[in-house]
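Residue numbers (the numbering used here): 2 to 376.
What follows is the structure, encoded as structure tokens:
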């Protein structure tokens, strides 16, 4: 009987592995026939003084009609006050250096309402060569890097679709995706990008909002509880592998002066106490009651985190108490908003032999895998 049972379990395991390995990949055809050739528009910043661009070789400045208006070798200086119409800077090398960071593609300088936007125009796959190692360590297991590549590709594609009438698609910070230019590229993450080339996540035929964060602290969160909008494929899921990653558990102590300064605009005087009013089913805090010397206010935990600062309050899965000294002791789990893929969860899952598709299917429910193809 034991032998039959062992054989049964072996057959189930083999079937499960074959099923996971053969996840169907469909095609996603954008409405815009030129979408695959369209570059990502990355906002690098705004010109405020003389701007210097460098490369090894020739720098070519062109106007909006693609006519060359200036050439320089190795070094180019531009005064933003003199820029009255969009210009682009190209290089015969594969990069342009700006403020110590080398960027692939083209640099666009575009004056709008008194500001000169500095935008990097770079193909999607080349953009990802920097984003993936900027978001996670290149030393991570290959399947975690591939999961991050697919997640990041899907995210930027969705932003490109949503923001096509805006001046840029993404910036270089955690507001969108971290992007540190060519300097950050690494062969491990480059391989992960190339091996998943064009692969994105879709739901009902369209790219999803593939949010991700550092560590879910054991359970992901419903976006309705973070931003107010429910999303069908972003339901909370257990993320037990988080415990093996950085920033799973943390604690901090906040000085009274820091708390008072951070919450001064609530208009309730000196903060006397901070009490958790209620929690979501995932155990993240929903609301807190701030008790002041001149009044009491209830505040959403997401707003409270903004006021205190995300580096001080790493997630809303926390507890807080006031100590005899008047300082506040805080202890929590996880780091980030908690929606979508936990990066440290994906790391630990990859170490436990889950592949990138299995990782993504765990965090995004009811999704399909698709390749971007032209019409």
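Positions of the beta carbon are idealized from the N, C-alpha and C atoms, including for glycine.
Here the structure is a predicted model, which means the values were calculated and not measured.
For residue 42, the uninterrupted beta strand (DSSP E) run begins and ends at 41-48, by DSSP. By the neighbour-count criterion, in which 16 or more other beta carbons inside 10 Å mark a residue as buried, residue 344 falls on the buried side.
Between residue 177 and residue 339, the C-beta spacing is not below 9 Å. Here the alpha carbons of residue 102 and residue 192 stand approximately 22 Å from one another.
Taking the Cα positions, residue 274 is about 24 Å away from residue 282. Shown here, residue 350 sits in a helix according to DSSP, grouped into three states. A contact between stretches requires three or more CB pairs, one per stretch, nearer than 8 Å, and the segment 262-272 fails this requirement with the segment 346-364. Annotated as proximal: residue 122 and residue 108, with beta-carbon spacing under 9 Å. Selection 153, 161, 302 evaluated against residue 285 yields 302 as nearest (Cα-Cα).
By the Cβ rule, the segment 58-75 does not count as touching the segment 123-142, because fewer than three pairs are nearer than 8 Å.
Annotation for residue 278: the continuous beta strand (DSSP E) segment containing it runs 272-280. Rounded to whole angstroms, the separation of the alpha carbons of residue 313 and residue 249 is 14 Å.
One thing to note: residue 54 has its Cβ within 9 Å of the Cβ of residue 78. DSSP places residue 125 within a helical segment (H, G or I) once states are collapsed to three.
Residue 164 and residue 217 have their C-alpha atoms some 28 Å from each other.
Taking the C-beta atoms as reference points, residue 94 is found no nearer than 9 Å to residue 244. Residues of the same chain with a CB within less than 7 Å of the CB of residue 317, apart from the 5 flanking positions on each side, are 285, 286, 302, 303, 306 in chain order. Taking 9 Å as the cut-off, the Cβ atoms of residue 110 and residue 97 do not count as close.
For the segment 227-314, the continuous alpha helix (DSSP H) assignments of 4+ residues that do not extend past its boundaries occur at 257-263, 302-309, in sequence order. Closest option to residue 253, judged by alpha-carbon separation, among 311, 288, 235, 200: 311. For the segment 108-176, the full-length beta strand (DSSP E) segments reaching 3 residues or more read 116-123 along the chain.
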